[in-house]
Amino acid sequence: MDTVPVVSVPDAIIVPEKLTPIIPKHSIVRVERISGAFEQGKVYVTVDQSSSIESMRMLCAKIKKDYKEFSNIIICLYADNPSGNALASGIQSKLGTKEQSKAWLAMYSFNTVEGEYFDDNPAGYLGGN
């Protein structure tokens with residue numbers, strides 16, 4: 109009779125611990141208040157490029173809460189590098205489409221009619237992604 113080798117199974121399968129997202133280090137570079145009856149604002153922020161999508165969402169929620177005066181808000185998150193800083197500062201004429209695409213990490217918008225919108229590939233329409 110042939111014997112089948114016994115293979116031991118570990119008592120517990122080790123599952124990697126999922127890291128809890130945290131608000132990433134960031135800098136608010138520019139805030140635009142758009143005149144009119146809609147209390148609109150745009151906030152331009154630089155953030156560590158390695159931030160997770162969940163962390164960037166948390167950051168946007170925090171910024172929205174911090175800028176309660178805006179009933180309509182757009183938040184653009186850019187990589188904390190020379191290209192991202194240029195975009196956040198409003199200087200994009202010197203940057204190519206590919207540079208802009210890599211530096212623009214996420215866009216968030218909120219208004220009471222449409223609610224929240226988060227896009228982690230906002231430069232996709234530029235053709236660089």
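In terms of this note's numbering, the sequence shown opens at residue 109 and continues consecutively.
C-beta: ideal position from N, C-alpha, C; glycine also.
Quick caveat, the model's predicted, so the values are computed rather than measured.
Option in the options with minimal Cα separation from residue i
i	options	result
Y152	S191, P230 and G198	G198
K206	Y216, I183, A214 and A231	A231
L213	I183, T111, K176 and Q148	I183
D78	I136, Y186, S159 and Q200	Residue 78 falls outside the range modelled here, since the chain spans only 109 to 237, and no answer is possible.
S143	E177, P129, S160 and I161	E177
Chain-order list of residues whose beta-carbon lies under 7 Å from that of residue i (same chain, five-residue window excluded)
i	result
T220	S179
D156	P132, K133 and D188
D227	A214 and M215
E140	G149 and K150
Host alpha helix (DSSP H) of residue i (start-end)
i	result
Q208	T205 to A211
K170	I161 to D174
Chain C contact for residue i (CB, 9 Å cutoff)
i	result
D174	Protein chain content of the structure displayed is limited to a single chain, and chain C is not contained in it.
Cut-off 8 Å between Cβ atoms - residues of its own chain near residue i, not counting five sequence neighbours on either side
i	result
I131	S163, M166, L167 and K170
Buried or exposed (CB count within 10 angstroms, at least 16 for buried), residue i
i	result
F146	exposed
L127	exposed
S191	buried
T111	exposed
K210	buried
Contacts around residue i, its chain only, beta-carbon distance under 6 Å, and the 5 residues preceding and following it disregarded
i	result
F218	K172, I181 and E224
Where the beta strand (DSSP E) through residue i begins and ends
i	result
N189	Careful: N189 lies outside any beta strand (DSSP E) and carries neither H nor E.
G223	G223 to D227
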